[in-house]
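Chains as they are written, first to last, in UniProt numbering: chain A, 1 to 454; chain B, 1 to 454.
In structure tokens:
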């Protein structure tokens with residue numbers, strides 16, 4: 001997969017060298033020679049990855065990285081910091097500034113391209129979700145994805161070395177719930193059980209750590225789980241293999257507690273971000289078919305489901321009947337007790353409505369004070385029983401307002417059974433006529449539409 | 001990236017051999033020894049890819065592939081057919097059965113793993129979209145993604161060889177609009193212009209075809225565009241490089257017209273599928289904030305936007321005012337002329353409402369016959385002007401029903417300007433009180449809430 005990479009270094013020669021190596025592998029390259037430019041280019045050009053030199057005058061790499069990661073417009077772009085020395089303090093400082101990884105000068109091609117490919121692959125799926133969310137009007141109302149560093153996390157640590165396990169666990173955030181094991185089968189079960197991070201020691205004897213990583217990635221239930229692999233020092237091949245299998249990050253033995261802590265935090269933060277993006281999208285989809293006030297399905301949803309049930313009935317399937325219920329004198333409730341009281345009545349009405357239904361039945365708020373129940377498999381006789389049960393549950397006891405007042409409420413209901421081949425609108429019209437008959441006959445009653453086929 | 005692969009072959013020895021090679025590369029493997037089993041395993045285990053032998057007794061590979069591709073539960077799984085001979089007819093027959101690619105026995109590892117990686121990467125993003133869509137209640141109402149083979153398509157063909165271009169173009173579907181070029185810059189412009197497929201001749205002199213593919217993949221606007229690359233025969237390295245860069249499919253010189261047609265159709269079909277998934281999701285997100293009847297924003301959306309505008313006003317930003325409009329005697333319209341007429345009035349009311357607004361203003365159906373307009377930057381005086389304009393546009397001419405009848409409609413409006421630090425509910429309550437005052441004072445008028453801070 002090709003991608004656009006921003007190379008940042010104050011030494012023009014370094015920029016040109018890295019640019020040539022990246023272009024030879026068919027990457028597109030854009031460049032900057034100081035921190036301020038890097039931030040501007042990242043924002044304007046939205047590269048897929050940033051290779052950022054640490055040692056720069058005026059604004060150094062840490063500061064530049066922090067600013068890129070603080071800005072919602074560039075936060076999602078992976079940053080790989082390039083350091084002259086392989087210093088523990090530099091790595092931790094960089095990770096704390098939000099860097100996704102490090103490369104030490106001189107950079108070897110194998111490590112660099114394995115890292116780049118791995119980060120780009122992870123970014124690809126997130127980009128798709130991010131784009132769907134940000135392009136929608138919903139983005140404005142669900143707000144920015146928030147990061148909560150103190151959120152509890154479930155971490156699975158796999159190692160056959162008890163001292164290592166103990167040291168890894170000690171480095172993790174205090175709120176983390178940690179499960180330690182040296183058994184891959186147990187690790188898979190734990191991973192499937194809502195884990196947030198898997199730390200796999202690939203240097204440990206007694207099990208095949210890469211195989212475990214592959215299993216986790218092959219299983220749809222754990223495909224998205226971040227994996228941090230502990231690798232042998234100077235074993236580039238093992239590190240590259242792990243990254244190619246889909247491991248999210250690697251850390252070398254001997255494991256530095258501060259570095260493990262920083263890398264774990266990065267992985268947990270990224271997972272929370274992805275989880276929130278997914279749940280925003282899922283909520284959006286849910287909202288599309290839900291009435292916000294009552295939590296019932298909405299008109300859009302019920303119309304489509306009713307059409308499906310009618311098609312099935314017309315094709316020789318089970319019959320389908322419909323209830324159309326309208327709260328009597330609802331406007332009077334609103335006008336007398338206010339909109340809040342009216343909303344409360346609508347919500348209470350909805351819960352009484354749902355209580356009396358079979359699991360198969362589908363209830364929806366059709367608009368205003370009007371509700372629809374679709375009863376697949378039910379004939380007119382069963383619809384009448386359900387409608388009468390609803391009518392009496394509404395009439396049976398008053399509706400409590402927030403000030404303790406109890407208001408009597410009644411409902412009028414029209415019922416109709418779909419004819420073979422009848423159009424949706426025709427069925428709804430017949431139910432509406434029956435409802436109108438119930439209203440004119442004095443309300444608080446059930447009337448059935450004429451069952452003779454048109 | 002690891003994944004689960006289903007290996008199907010009636011010869012147990014072939015299954016074991018392929019299984020061992022895949023496992024050595026850390027893939028998870030499941031197996032089947034006949035077509036019926038393959039279909040059952042594909043459905044139950046949902047592998048990420050299927051390697052399917054063509055020559056099998058009872059149900060052969062073509063038939064098995066067709067059935068897998070006809071079933072919505074397995075349609076999305078890439079199928080690579082394994083043939084004993086490299087026969088043109090076999091390839092075309094397989095592609096027409098829905099196969100995504102071919103491998104010829106004996107299979108060489110480099111080609112196989114490049115192909116597998118490429119197909120898995122493409123599947124990864126689609127899976128994410130598919131999962132979001134299928135897990136939502138919306139899936140039931142948007143229905144299956146439909147394939148329309150005859151849909152028009154825009155195809156960009158890049159080659160410096162005019163005879164080749166001409167032959168490629170002749171093989172494409174008759175409804176395709178074809179743009180031919182030998183200039184990469186022109187190809188990029190055409191690709192960005194809603195192209196559905198890019199065919200790049202990598203054997204052509206005069207331009208760097210791989211570089212063009214990389215550019216297309218690096219550009220967010222064309223990242224999803226399918227690329228079919230024409231490669232030199234027996235040049236495995238070129239083919240692998242192209243696939244690694246993100247090319248979707250490859251075809252060898254000399255290009256067989258039937259094979260090019262079949263491979264193009266496969267790419268176009270996959271793109272339509274992905275496009276439809278994306279638009280289903282986008283529509284879902286849009287529906288979540290839209291009132292289905294009027295097309296205005298809904299209460300959920302306007303509440304959130306009002307809160308943002310009020311926060312900004314409280315933090316020293318521009319003022320914000322609110323209109324709360326309620327159609328007079330709407331129930332009477334519904335009861336007299338029926339629900340269809342009522343819906344028509346609501347829709348017409350919405351369009352008159354929007355006509356009179358500034359681009360900044362946000363209008364929403366708040367529920368039933370009640371509408372809200374949020375006016376950022378507007379004080380009470382401007383809100384009064386807008387409200388009066390709306391009132392007179394409603395009162396000014398009757399509302400036409402479908403039978404030609406014209407019904408007079410009026411509206412009562414309450415307006416309020418947000419106080420610094422005022423809660424959303426408090427502002428809405430003040431607007432509601434003003435609306436109530438307009439109703440009790442005889443309707444068809446505008447009343448303003450008391451502007452003194454509470």
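C-beta: ideal position from N, C-alpha, C; glycine also.
Computed from a predicted structure; not experimentally measured.
Check, Outcome
"Do you know offhand how far residue 163 of chain B's Cα is from residue 260 of chain A's?", "60 Å"
"List, in order along the chain, the chain A residues whose C-beta lies closer than 8 Å to that of residue 46 of chain B?", "220"
"What's the gap between the Cα of residue 38 of chain A and the Cα of residue 6 of chain A?", "8 Å"
"Within 10 Å of its beta-carbon, does residue 82 of chain B have 16 or more other beta-carbons around it, so buried, or fewer, so exposed?", "buried"
"Mind checking whether residue 217 of chain A and residue 246 of chain A have CB atoms under 7 Å apart?", "yes"
"Considering only residues of the UniProt domain \"Response regulatory\" (4-120) of chain B, which uninterrupted beta strand (DSSP E) runs meet the minimum length of 3 residues and lie entirely inside it, listed in chain order?", "4-8, 28-32, 49-53, 79-83, 101-104"
"Extract the residue ranges of the beta strand (DSSP E) inside the segment 153-205 of chain B, only unbroken runs of 3 or more that lie entirely within it.", "153-158, 176-181, 197-201"
"Smallest Cα separation from residue 341 of chain A: which of A:307, A:295, A:400?", "A:400"
"DSSP three-state call for residue 131 of chain B: helix, strand or coil?", "helix"
"For residue 339 of chain A, which residues in chain B fall below 7 Å Cβ to Cβ?", "432"
"Taking C-alpha atoms, which residue in A:192, A:243, A:196, A:210 lies nearest to residue 220 of chain A?", "A:192"
"Give the residues of chain A in contact with residue 28 of chain B, contact being defined as C-beta atoms less than 7 Å apart.", "214, 215, 218"
"Compute the Euclidean distance between the alpha carbons of residue 113 of chain B and residue 239 of chain B, then round it to the nearest angstrom.", "12 Å"
"I'd like to know if residue 4 of chain B contacts chain A, where contact means its C-beta is closer than 7 Å to some C-beta of that chain.", "yes"
"Pick helix, strand or coil for residue 329 of chain B, following the three-state DSSP scheme.", "coil"
"I need the boundaries of the alpha helix (DSSP H) containing residue 395 of chain B, first residue and last residue.", "380-396"
"So which residues on chain A does residue 331 of chain B lean against when the C-beta distance must stay under 8 Å?", "331"
"Distance, Cα to Cα, residue 188 of chain B vs residue 116 of chain B?", "27 Å"
"Using three-state DSSP, classify residue 360 of chain A as helix, strand or coil.", "coil"
"Are the C-beta of residue 375 of chain B and some C-beta of chain A separated by less than 7 Å?", "no"
"Residue 258 of chain A lies in the alpha helix (DSSP H); which residues open and close that run?", "257-287"
"Is it the case that the CB of residue 444 of chain B approaches a heavy atom of the ligand NAD more closely than 6 Å?", "The ligand NAD is not part of the structure shown, which contains no ligands of any sort."
"Please name the residue in B:293, B:107, B:12, B:100 whose C-alpha comes closest to that of residue 86 of chain B.", "B:107"
"Assuming residue 277 of chain A contacts residue 126 of chain A under a Cβ cut-off of 8 Å, what Cβ separation, rounded to an integer in Å, is found between them?", "7 Å"
"Look at the Cβ atom of residue 414 of chain A, then the Cβ atom of residue 324 of chain A, and state whether they are nearer than 7 Å.", "yes"
"Please classify residue 398 of chain A: is it buried, with 16 or more other beta-carbons within 10 angstroms of its beta-carbon, or exposed?", "exposed"
"Just the Cα atoms here: how many angstroms apart are residue 176 of chain B and residue 346 of chain B?", "43 Å"
"When you compare only the Cα positions, how much space is there between residue 455 of chain A and residue 411 of chain A?", "An answer regarding residue 455 of chain A cannot be provided, because it is not within the stretch 1 to 454 covered by chain A."
"Any C-beta of chain A sitting closer than 7 Å to the C-beta of residue 300 of chain B?", "yes"
"Report the residues of the segment 283-295 of chain B with a CB closer than 9 Å to any CB of chain A, ordered along the chain.", "283, 284, 285, 286, 287, 288, 289, 290, 292, 293"
"Looking only at its own chain, which residues have a Cβ that is under 8 Å from the Cβ of residue 170 of chain A, when we skip the five neighbours before and after it?", "257"
"Residues of chain B with a CB under 7 Å from the CB of residue 125 of chain A: which are they?", "124, 125, 128"
"Would you verify that the beta carbon of residue 1 of chain B is, or is not, closer than 7 Å to some beta carbon of chain A?", "yes"
"Check whether the Cβ of residue 368 of chain A lies closer than 7 Å to any Cβ atom in chain B.", "yes"
"Could you check what DSSP says for residue 324 of chain B in three-state terms: helix, strand or coil?", "strand"
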